[in-house]
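Residue numbers (our numbering): 578 to 737.
The beta-carbon is built from N, C-alpha and C at its ideal position, and this holds for glycine as well.
I have placed the structure first, in the form of structure tokens, so that the comments after it can refer back to it.
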């Protein structure tokens, strides 16, 4: 694990691993919605990526591999994110429910995880084909496909 972490840090210092469109879309979404990250990566790696991209201030919290016992496709990560969102952003009087969350995922395991947590999901077909992401509620080619004009489509996927 330590050797992998050193390798990843070295790689991240040389090139960005952000999906196309992320630098534009994250600030746009953060102006309207509270954001969190649920990832199978290590927290150190996620923080390094966010800091390098100057996106670290847009997320309320991160659920990383160290925070869960079972990774995707198990729903534990998304269930924990919902719990944290309700503790840190929403109130007991007006809690967020799973169907009001929208997950943006780039793997079919992530789509399965989101759905197992009862959360709607947009599948981004960058690492996998659109066919592999077909179980998502909406499949897009890249994060860059999310624009101001597509926000109503995103909002229509959630209940509440």
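Sequence-distant residues of the same chain with beta carbon closer than 6 Å to residue 693, five excluded per side: For the purposes of this step, residue 693 is identified with residue 116 of the chain shown, where counting begins at 1. For residue 693, where only same-chain residues beyond five positions count, the Cβ hits under 6 Å are 652.
query: Roughly how many angstroms lie between the CA atoms of residue 634 and residue 580, to the nearest whole one?
result: The residue given as residue 634 occupies position 57 in the chain shown. The residue given as residue 580 occupies position 3 in the chain shown. So the alpha carbons of these two residues sit roughly 28 Å apart.
field: Nearest to residue 697 (by Cα), restricted to the options 711, 705, 732 and 679
entry: Residue 697 sits at position 120 when you count from the first residue of the chain shown. Cα-wise, what sits closest to residue 697 is 679.
task: Would you list the residues sitting across from residue 671 in a DSSP beta bridge?
output: Looking up residue 671 in the chain shown gives position 94. Answer by DSSP bridge pairing: none, since residue 671 is not bridged.
For residue 653: DSSP bridge partner residues: Position 76 of the chain shown, counted from the first residue, corresponds to residue 653. None; residue 653 has no bridge partner.
- prompt: Of all the options 663, 655, 632 and 683, which has the alpha carbon lying nearest to the alpha carbon of residue 642?
  reply: In the chain shown, residue 642 corresponds to position 65, counting from 1. Among 663, 655, 632 and 683, the Cα nearest to that of residue 642 belongs to 655.
- request: Go through its chain and collect everything with a Cβ distance to residue 621's Cβ below 7 Å, but skip five positions before and after it.
  value: One-based indexing of the chain shown puts residue 621 at position 44. Only 582 meet the Cβ criterion.
message: So, at 7 Å on beta carbons, what are the nonlocal neighbours of residue 703 in its own chain, with the 5 sequence-adjacent residues on each side left out?
response: On the chain shown, residue 703 is found 126 positions in, with the first residue counted as 1. Excluding residues within five positions, the ones whose Cβ falls inside 7 Å are 596, 683 and 719.
message: By the DSSP assignment, the beta strand (DSSP E) with residue 681 in it spans what residues?
response: In the chain shown, counting from the first residue as 1, residue 681 sits at position 104. Taken as a continuous stretch (DSSP letters only), the beta strand (DSSP E) holding residue 681 covers 680-682.
message: If I follow the unbroken beta strand (DSSP E) through residue 613, where does it start and stop?
response: Here residue 613 corresponds to residue number 36 of the chain shown, with the count starting at 1. Note, residue 613: beta strand (DSSP E), 613-615.
- prompt: CA-CA distance, residue 715 and residue 726?
  reply: In the chain shown, the residue the question calls residue 715 occupies position 138. In the chain shown, the residue the question calls residue 726 occupies position 149. Distance between the alpha carbons of residue 715 and residue 726 is about 15 Å.
- prompt: What are the boundary residues of the beta strand (DSSP E) that residue 640 is part of?
  reply: Looking up residue 640 in the chain shown gives position 63. Taken as a continuous stretch (DSSP letters only), the beta strand (DSSP E) holding residue 640 covers 638-640.
task: State the CB to CB distance for the pair residue 729 and residue 690, rounded to an integer number of angstroms; the pair is presumed to be in contact (CB under 8 Å).
output: As a working note, residue 729 is residue 152 in the chain shown. As a working note, residue 690 is residue 113 in the chain shown. At roughly 26 Å, the Cβ-Cβ gap does not stay under 8 Å, so residue 729 and residue 690 are not in contact.
- prompt: Which stretch, first to last residue, makes up the beta strand (DSSP E) that contains residue 699?
  reply: Numbered from 1 along the chain shown, position 122 holds the residue referred to as residue 699. From DSSP, the beta strand (DSSP E) with residue 699 extends over 698-701.
field: residue 669 versus residue 663: straight-line alpha-carbon distance, rounded
entry: As a first step, residue 669 must be located in the chain shown, where it is residue number 92. As a first step, residue 663 must be located in the chain shown, where it is residue number 86. Approximately 7 Å, taken between the alpha carbons.
task: Starting from the C-beta of residue 676, find all residues in its chain whose C-beta is less than 8 Å away, skip the five residues before and the five after it, and write them out in chain order.
output: Residue numbering aside, residue 676 sits at position 99 when the chain shown is read from its first letter. 695, 696, 697, 735, 736 and 737, listed in sequence order.
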